[in-house]
Amino acid sequence: MAADQQQDGIKIGGSVRVNYGMALYNQASKDKGGELSFDTATITVNGKKGNWGVASEYRFTKSTNFIKYGYAYYDYNPDWQIQFGINKVPFGNRDFISNSWWFGIPYYLGFEDNYDVGIKAVREHNGWHTDLGFYKNPEYGPTENKRYGADLYTGTIAVSGVEYHNEETNQLNLRQTYTFEHEGGSTTIGASAQYGQIFNNKTNNNGDRYAAAVHLDSKYNGWNLQLQAMQYEFDAADAVDPNKIAVSVVGWQYEVASKGQIYNANFSKTIKTDFGSVKFYNDFGVLTPDVDDNDYANSFQNVTGCAISAGPTYTMIDFIVGKNMTFSTANNDHVGLPEVGNDWDKRINVNFGYYF
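Those letters in the sequence shown? Residues 1489 to 1844, per the working numbering, in order.
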């Protein structure tokens, strides 16, 4: 584990990022030639003394600030580490199921790069990697939308006018992967499972939720293939509409199909250069709703781009194509709900970061 290799002491780091975006489906955005703005400033603190350590990251955006993660850890022995606090929920591909700044569809439902409050045990031995976690609740309350990762939301959705009273609690996670070396690289295969409760803070009744996934991450001479298939369901108690549920992330809230499958297929090629490296990639994802309403439609997202690493800088240039997908389409601020129109919308995004 990375923490095992850190020497004693405290290290403070961070980043500053700016973002350029142009929505090709928005005439005003096109007429202005897009928008350039401050994106995020981060402060990271990592420290270790003996077998004990801490890791944290706090983020400042143009409209708010929030914690991404913050936890203490203990290296029980060379194989086992225990983490307590706001740590990364072990579900899906061990790193990301995306290459771009835009993330993959699982992120928008809380199944990629998500962080909650709990305890996690991590074991790594002879290629086997095991994560076992219990999470009491998300890092912020259910009425808060200013958070890094998507969680269930309590409040009214502007688009639909529907009021929700759901919050996550008592979540169990198990992920098992195995990595084997081969000529030119390595391949990691694995499976993940997640189960938790949904508490209705108006009626005080509990529903439940689950997700399961199988995933593959294979590297060969600079090429990388990521595949993932997952099934999920949110079965909320006293739901106004059992076909959908609300989540919030990065200052916004929207509705998603309460049950469905998500499939991801990503590939990339990294080329070493004199100044660092360039990674070219294509990330494709689709969500297929599995609810009782036949009007609910698939959501698609495809991101083609490149990531340029040069010294302390990292730049991601993305061309995003979306259909019936929040954040990447003009008229469909949801995931997996009935589609408004029948358009494949497009946008361009460039994110530049300086890391220290």
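Glycine residues also receive a C-beta, built at the ideal position from the N, C-alpha and C atoms.
In this text the structure is predicted, and so the values were computed from the model without any measurement.
Residue i - partner residues in DSSP beta bridges
i, result
"Y1636", "None, per the DSSP bridge assignment."
"G1532", "The sequence as given places Thr at residue 1532; Gly does not occur at that position. According to DSSP, T1532 bridges with G1501, E1545."
"Y1559", "A1543, G1573"
"Q1659", "Y1623"
"W1616", "H1613, Y1666"
"E1523", "G1509"
"G1695", "I1686"
"D1604", "N1575, P1626"
"T1808", "The identity of residue 1808 in the sequence shown is Ile, whereas the question assumes Thr. Note: I1808 sits in a beta bridge opposite V1791, R1835."
"V1828", "Per DSSP, none; premise fails for V1828."
"K1537", "W1540"
"F1554", "R1547"
"N1654", "N1688"
"W1589", "Answer is none; W1589 lacks a bridge partner."
"G1672", "Note: G1672 sits in no beta bridge, so no partner."
"S1680", "R1663, A1701"
"T1801", "A1798, Y1842"
"Y1784", "P1826"
Backbone CA spacing between residue i and residue j [nearest angstrom]
i, j, result
"Y1720", "D1563", "33 Å"
"Y1513", "D1519", "11 Å"
"V1504", "T1528", "6 Å"
"N1553", "G1829", "35 Å"
"D1567", "N1661", "19 Å"
"T1814", "Q1664", "31 Å"
"V1728", "G1649", "12 Å"
"N1731", "N1819", "20 Å"
"G1522", "M1510", "4 Å"
"E1669", "T1642", "46 Å"
"G1629", "W1711", "41 Å"
"V1774", "S1517", "27 Å"
"V1809", "N1782", "24 Å"
"L1620", "I1585", "20 Å"
"N1654", "A1798", "44 Å"
"K1624", "A1609", "15 Å"
"V1647", "T1676", "41 Å"
"Y1636", "V1533", "17 Å"
"I1759", "V1766", "5 Å"
"N1692", "F1722", "17 Å"
"S1525", "G1615", "43 Å"
"K1536", "K1499", "9 Å"
"A1491", "I1555", "Per-residue confidence for A1491 stands at a pLDDT of 43, beneath the threshold of 50, marking its modelled position as unreliable; the derived number appears in the next sentence. If you take the alpha carbons of A1491 and I1555, they lie about 20 Å apart."
"K1576", "W1832", "33 Å"
"N1581", "G1606", "20 Å"
"G1592", "D1705", "15 Å"
"L1640", "I1733", "8 Å"
"M1489", "Y1557", "Reliability fails at M1489, whose pLDDT of 45 lies under 50, so the model's placement of it is uncertain and the value that follows must be treated cautiously. Between M1489 and Y1557, the C-alpha separation is close to 18 Å."
Whether residue i touches residue j by CB criterion (7 Å)
i, j, result
"G1672", "N1709", "yes"
"D1604", "P1626", "yes"
"K1747", "D1726", "no"
"S1459", "N1507", "Because the chain here runs from 1489 to 1844, residue 1459 falls outside it and cannot be looked at."
"A1753", "L1715", "yes"
"A1785", "E1827", "yes"
"W1590", "V1791", "yes"
"G1695", "Q1659", "no"
"A1436", "G1598", "Nothing can be reported for residue 1436: it is not among the residues displayed for the chain, which extend from 1489 to 1844."
"S1787", "V1735", "no"
"T1657", "F1622", "no"
"Y1559", "Q1569", "no"
Endpoints, the beta strand (DSSP E) within which residue i is located
i, result
"K1520", "Here K1520 belongs to no beta strand (DSSP E); instead the alpha helix (DSSP H) covers 1515-1520."
"I1645", "Counting along the chain, I1645 falls outside any beta strand (DSSP E), and DSSP gives it neither H nor E."
"T1792", "1787-1798"
"N1839", "1833-1843"
"F1579", "Premise fails: F1579 is in no beta strand (DSSP E) and is neither H nor E."
"P1777", "1764-1777"
CB contact check: residue i to chain C, cutoff 7 Å
i, result
"D1563", "Here there is only one protein chain, and chain C is not present."
Requested in this report: Any chance you could list the alpha helix (DSSP H) runs of at least 4 consecutive residues sitting entirely within the region 1699-1759, in chain order?
Outcome: Here no run is fully enclosed.
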